[in-house]
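*Asks:* Reminder that position 132 of the sequence shown reads as 138 in the working numbering, one-by-one numbering, no gaps.
Where a beta carbon is used, it is the ideal one built from N, C-alpha and C, also for glycine.
Remember, predicted model here, so these are calculated numbers, not experimental data.
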Amino acid sequence: MQGRVFGIKKSTWLKISGGINLSLLVFFIFFSIFYIKNYYLWFFFFCFFTGLHSLIKSFLFKLDSACYFGFLLFLIGIAGFFAYFFDLQYKYFYFLSAVGVASILTFFFTHQKFQFFFGLLMVMSAVLSFLYSNEVLNLAIFLAIYLSFLFIFCLICVILIIKYFKNPNKRG
7 MQGRVFGIKK STWLKISGGI NLSLLVFFIF FSIFYIKNYY LWFFFFCFFT GLHSLIKSFL
67 FKLDSACYFG FLLFLIGIAG FFAYFFDLQY KYFYFLSAVG VASILTFFFT HQKFQFFFGL
127 LMVMSAVLSF LYSNEVLNLA IFLAIYLSFL FIFCLICVIL IIKYFKNPNK RG
């Protein structure tokens, strides 16, 4: 493992990222409070820049936990900004979608199958709940589809756990 990127130590890159993200965070917090006059956006700016810093840490040091945490905070920051800046209805669907998309993106980088299936379940939960809230689906159809997805998810989890314990050398 090489400890340098473009001849500069990875820890130095992380410190530079921290300084830039902190500077931008302070600027956008003051910008949202004093110029935009939206007192909810500061938290989502915090999530965005903290997630961005965690993603940089993940890519520099190959950390899967920092990858998921970074994508999660980054996408919650984006979803929250758009939900509160444009005053969208059903804000919690966007946050639930952010959790699912963060898991799916983490799967692409870490190749952990559970991340993909969990992300798929969260995205489908958000979509089905959104359709039910907008009265596209009635309660019976919503429950039938959602419980089917939940059953399939649990079945896949059991299969993955059985494979995990049968062959402990082949993780993931």
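(1) Count the other CB atoms, across all protein chains shown, that sit within 10 Å of the CB of L94; report buried if there are 16 or more and exposed otherwise.
(2) By the 10 Å Cβ neighbour count, where 16 or more other Cβ atoms means buried, how is I22 classified, buried or exposed?
(3) Consult DSSP for K1 and reduce its assignment to one of helix, strand or coil.
(4) Just to confirm before moving on: does the CB-CB distance between V105 and M128 stay below 7 Å?
(5) Which same chain residues end up closer than 7 Å to L47 when comparing Cβ atoms and leaving out the 5 residues on each side of it in sequence?
(6) Is it the case that the Cβ atoms of L58 and F80 are separated by a distance below 7 Å?
(7) Less than 7 Å between the beta carbons of S139 and F124, yes or no?
(8) Provide the residue span of the alpha helix (DSSP H) that contains L161, from first to last.
(9) If I'm right that F101 touches S135 with Cβ under 8 Å, what's the distance once you round it to whole angstroms?
(10) Write down the C-beta distance between L20 and K63 rounded to the nearest angstrom, noting that I regard them as a contact closer than 8 Å.
(11) Kindly give me the distance between the Cβ atoms of S103 and A146, rounded to whole angstroms, as I take these residues to be in contact under 8 Å.
*Replies:* Considering the structure as presented:
(1) L94 should be labelled exposed.
(2) Exposed, since its Cβ has fewer than 16 Cβ neighbours within 10 Å.
(3) Absent from the structure is residue 1, since the part of the chain shown begins at 7 and ends at 178.
(4) Taking 7 Å as the cut-off, the Cβ atoms of V105 and M128 count as close.
(5) Correct list, in chain order: S38, F87, Y90 and F91.
(6) Cβ distance < 7 Å, so L58 and F80 count as in contact.
(7) Cβ atoms of S139 and F124: not closer than 7 Å.
(8) In the DSSP assignment, L161 falls within the unbroken alpha helix (DSSP H) covering L145 to K172.
(9) That pair is no contact at about 11 Å.
(10) Going by Cβ atoms, the distance from L20 to K63 rounds to 6 Å, so yes, they are a contact pair.
(11) That belief does not hold up - the Cβ atoms of S103 and A146 are roughly 24 Å apart, past 8 Å.
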